[in-house]
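Below is one structure, written out as structure tokens; the observations come after it.
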Amino acid sequence: MTLSLRSFLAAHEAETLRLAEPVSVVHAVTALQHALDAAGRFPVICIDKPLLADGRPAALPLVTNLGASRDLTARVLGFPSHREAARHYAAAAHAGAGAGIEPVIVAPESAPVRAIVAAGAAADLTILPALVQHALDPGPYLTAAHATTVDPESGIDNTAIQRCWIKGPRLMSWFPYPASHNMRNLRKYWAKGEACPVAFWIGHHPAVLMGAQAKLGYPESHWRSAGSLAKAPVRLVPSLTFGERLMVPADAEIVIEGAAPPGRLEADGPFGEYTSYSGPQVAAPVVEVAAVTRRRDAVYHDIGSGLADALVADNIVNEGKLYAAVKRLAPSLVNVHVPVSGRRFHAYLQLDRPAPGEARDAVQAALADRRTKAVFAFDADIDIFDERHVLWAVATRVQWARDSWVVAGLSGSSLDPSWGPGQRTTSKIGVDATLPPAAARDAPPPTPPVIRVPDLARAEALSLLSGKDMSKWPSA
Amino acid sequence: MAERLIPPGEKRGATIWVRCPGCAGWFHAAPELVAPDAPRLCCPHCRREFAADEAAAIARP
Chain A
1025 MTLSLRSFLA
1035 AHEAETLRLA
1045 EPVSVVHAVT
1055 ALQHALDAAG
1065 RFPVICIDKP
1075 LLADGRPAAL
1085 PLVTNLGASR
1095 DLTARVLGFP
1105 SHREAARHYA
1115 AAAHAGAGAG
1125 IEPVIVAPES
1135 APVRAIVAAG
1145 AAADLTILPA
1155 LVQHALDPGP
1165 YLTAAHATTV
1175 DPESGIDNTA
1185 IQRCWIKGPR
1195 LMSWFPYPAS
1205 HNMRNLRKYW
1215 AKGEACPVAF
1225 WIGHHPAVLM
1235 GAQAKLGYPE
1245 SHWRSAGSLA
1255 KAPVRLVPSL
1265 TFGERLMVPA
1275 DAEIVIEGAA
1285 PPGRLEADGP
1295 FGEYTSYSGP
1305 QVAAPVVEVA
1315 AVTRRRDAVY
1325 HDIGSGLADA
1335 LVADNIVNEG
1345 KLYAAVKRLA
1355 PSLVNVHVPV
1365 SGRRFHAYLQ
1375 LDRPAPGEAR
1385 DAVQAALADR
1395 RTKAVFAFDA
1405 DIDIFDERHV
1415 LWAVATRVQW
1425 ARDSWVVAGL
1435 SGSSLDPSWG
1445 PGQRTTSKIG
1455 VDATLPPAAA
1465 RDAPPPTPPV
1475 IRVPDLARAE
1485 ALSLLSGKDM
1495 SKWPSA
Chain B
2 MAERLIPPGE
12 KRGATIWVRC
22 PGCAGWFHAA
32 PELVAPDAPR
42 LCCPHCRREF
52 AADEAAAIAR
62 P
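Note that the protein sequences, when read in sequence, are chains A and B. Sequential numbering of the first sequence, starting at 1025, is according to the working numbering. Sequential numbering of the second sequence, starting at 2, is according to the working numbering.
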């Protein structure tokens, strides 16, 4: 079976909240995601009848919250558990140059995304149920648009999720973050006085989406990592506008093709960001749309920015990147968690009996990643997916003067709300929350033992509680 | 005017707020959008486009 968004939805109907009643694209869908996040529930959300801002029914149904659940995401990727996502993602996407699964090319007549073609004046972005997610967002945004550009020197493609504000039927702003590889490609075209060709593809199987988001070197195609995560080659089709110069996934739901004219910048934003703050209005390139192609019964995909929907999937991708980078330097690394609570900024590293100095090596390596801002090293007995356990280790295994260190002047994100005026780099902290090494490999660590009850007593306690109605007992 | 010396440890924000000359709504903008020759700002409240020097107010940190 060819992987696609619809093959995923068909397989996960039981984990889907499907609403048949009309729901507005203005704030209402995102409010639903906020409510579900607060309740700790992460279903896929399908809106059969989205209503556009002017009250008209949208031409397409809407799906969102695909990436909100770590558990579902890990299962979809074929990982044994979300707790092992870092290692498995690293093995699939960061196995080295030439690894992964080569994409295959299909003819346009065999590409589902080419079923309906609207080119030139027939192209109309305003029929899409693009959401106005948060207060201060100025209009409808594409939030799950995978922007694919090509390095004009090497011809190698790059793909990243980048927001677009729909400003008219054939015009939208596009915000490739300044440090992104797409921005690097765009600048090369603009330096030659040429418009930058770009295709935005929306809606695919989550395994393809997760693989396409792999944090790779430059220039390095993402199709192989997408195939690796999907365990099958990604089917590509030449774009309608640019042909084989710019390939797009044949099994996507929607493809928007166009070009960013050189030097043309317009206001974009404010926009609710991954930090869960609203990012400022910025000057961004615009895209003049040449064509919109889609499946016959296309489904529009949105990603809830600043919510679990965006953060969980994105953080798993970064866990894989950090695991691959740190493991090379610190072989005792066994796991990585980038928790939603820290947005992209925090990373928890788990090490199994690190050699003297190795925990600091690991932390230093992870701090070099542009996204991290605080990196913590823990022993293997700490559950790095339980923040109560994480904070207990920080409270009891850290002497701040000895075990933490601040490094200033590193690259970071200007979207970090804590930045001061004129700031261009960030300060970061490393924390070694591991125990001191034991005198001998099998000896206990030279610290007090953790309290525990014998296994038999624990089993008896659980037996006493079995069947008791706990719902009326105080929970806080 | 000489810049005020910022003591180490003193917190300062970086957000620049702009007031729309049309609807008087406030929104935040990056420094490059309130610089000379910047692209026109666009009010997210009323969609009015205006140059930074037409803003009703700009509150810089």
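Heads up, the beta-carbon is just placed ideally off N, CA and C, and yes, glycines get one too.
Contact list for the region 1281-1292 of chain A against chain B, Cβ threshold 7 Å: From the region 1281-1292 of chain A, only L1289, E1290, A1291 have a Cβ closer than 7 Å to chain B.
Three-state class that DSSP yields for Q1388/A in the structure shown: DSSP places Q1388/A in helix when its eight states are reduced to three.
Which residues in the same chain have their Cβ closer than 6 Å to the Cβ of V1087/A, if we skip the five residues on either side of it in sequence? The residues are C1070, V1323, H1325.
Can you check which of these residues, V1316/A, S1302/A, E1290/A, is closest to D38/B by C-alpha distance? Nearest option by C-alpha distance: E1290/A.
Which of the three DSSP states, helix, strand or coil, is assigned to W1247/A? DSSP places W1247/A within a helical segment (H, G or I) once states are collapsed to three.
Sequence-distant residues of its chain with Cβ nearer than 6 Å to L1041/A (five each side left out): P1067, I1069, listed in sequence order.
Is it true that the region 1329-1349 of chain A meets the region 1376-1388 of chain A, where meeting means three or more beta-carbon pairs spaced less than 8 Å apart? As far as the Cβ criterion goes, the region 1329-1349 of chain A does not touch the region 1376-1388 of chain A, which means the pair count is below three.
Are there 16 or more other CB atoms within 10 angstroms of the CB of R1501/A, so buried, or fewer, so exposed? Only positions 1025 to 1500 of chain A appear in the structure, and residue 1501/A is not among them; the question remains open.
Through-space distance from S1442/A to L1434/A, alpha-carbon basis: Distance from the CA of L1434/A to the CA of S1442/A, rounded to the nearest whole angstrom, comes to 15 Å.
Pairing CB atoms from the region 1309-1316 of chain A with CB atoms from the region 1033-1040 of chain A, are three or more of them under 8 Å? Too few Cβ pairs lie closer than 8 Å, so no.
Less than 8 Å between the CB atoms is what I'm expecting for T1097/A and I1340/A, so what's the real figure, rounded? 6 Å between Cβ atoms; contact.
Roughly how many angstroms separate the alpha carbons of W1497/A and L1488/A, rounded to a whole number? Cα atoms of W1497/A and L1488/A: separation of roughly 16 Å, rounded to the nearest angstrom.
I want to see whether chain B comes within less than 8 Å of P1162/A, judged by CB atoms only; does it? At least one chain B Cβ lies under 8 Å of P1162/A.
Beta-carbon of A57/B versus every beta-carbon of chain A: anything under 8 Å? When Cβ-Cβ separations below 8 Å define contact, A57/B makes no contact with chain A.
Would the beta-carbon of V1455/A fall within 8 Å of that of S1428/A? For V1455/A and S1428/A, yes; Cβs fall inside 8 Å.
Classification of I17/B by the beta-carbon crowding that lies within 10 angstroms, buried from 16 upward: So I17/B counts as buried.
The region 18-37 of chain B: which residues have C-beta closer than 7 Å to a C-beta of chain A, in chain order? Among the residues of the region 18-37 of chain B, those with a Cβ less than 7 Å away from any Cβ of chain A are F28, H29, A30, A31, E33, L34, in the order of the chain.
Where F1400/A sits in the DSSP three-state scheme: F1400/A: strand per DSSP, three-state reduction.
Starting from the Cα of T1172/A, find the closest Cα among A1114/A, L1486/A, D1161/A, A1276/A and give me that residue. Check the Cα spacing between T1172/A and each of A1114/A, L1486/A, D1161/A, A1276/A: the tightest is with A1276/A.
Which residues of the region 43-57 of chain B have a Cβ closer than 9 Å to any Cβ of chain A? Give them in chain order. Answer in chain order: C43, C44, P45, H46, R48, E50.
Of all the residues that make up the region 1445-1462 of chain A, which are near chain B by a beta-carbon distance shorter than 7 Å? Here the close residues are P1445, Q1447.
Considering D1393/A, what are the terminal residues of the beta strand (DSSP E) in which it resides? Segment: none, D1393/A is in no beta strand (DSSP E) and carries neither H nor E.
Do H1118/A and A1348/A have their C-beta atoms closer together than 8 Å? Between H1118/A and A1348/A, the CB-CB gap stays under 8 Å.
Could you tell me which of P1200/A, P1221/A, A1121/A, V1049/A sits nearest to E1268/A, measuring between CA atoms? Considering only alpha carbons, the answer is P1221/A.
Decide if A1425/A is buried, meaning its Cβ has at least 16 other Cβ atoms within 10 Å, or exposed. That one is exposed.
Looking at the unbroken beta strand (DSSP E) that takes in L1373/A, where does it start and where does it end? Segment 1370-1375, the beta strand (DSSP E) holding L1373/A.
Answer with yes or no whether the minimum CB distance from A60/B to chain A is below 8 Å. Not one chain A Cβ lies under 8 Å of A60/B.
Interface residues of the region 1306-1329 of chain A facing chain B [CB-CB below 7 Å]: Result list: V1306, A1307.
Looking only at C-alpha atoms, which of A1139/A, L1373/A, P1257/A, P1294/A sits nearest to W1198/A? Nearest of A1139/A, L1373/A, P1257/A, P1294/A to W1198/A, Cα basis: P1294/A.
Can you tell me whether E1297/A is buried or exposed? The criterion is at least 16 other CB atoms within 10 Å of its CB, across all chains shown. E1297/A comes out buried.
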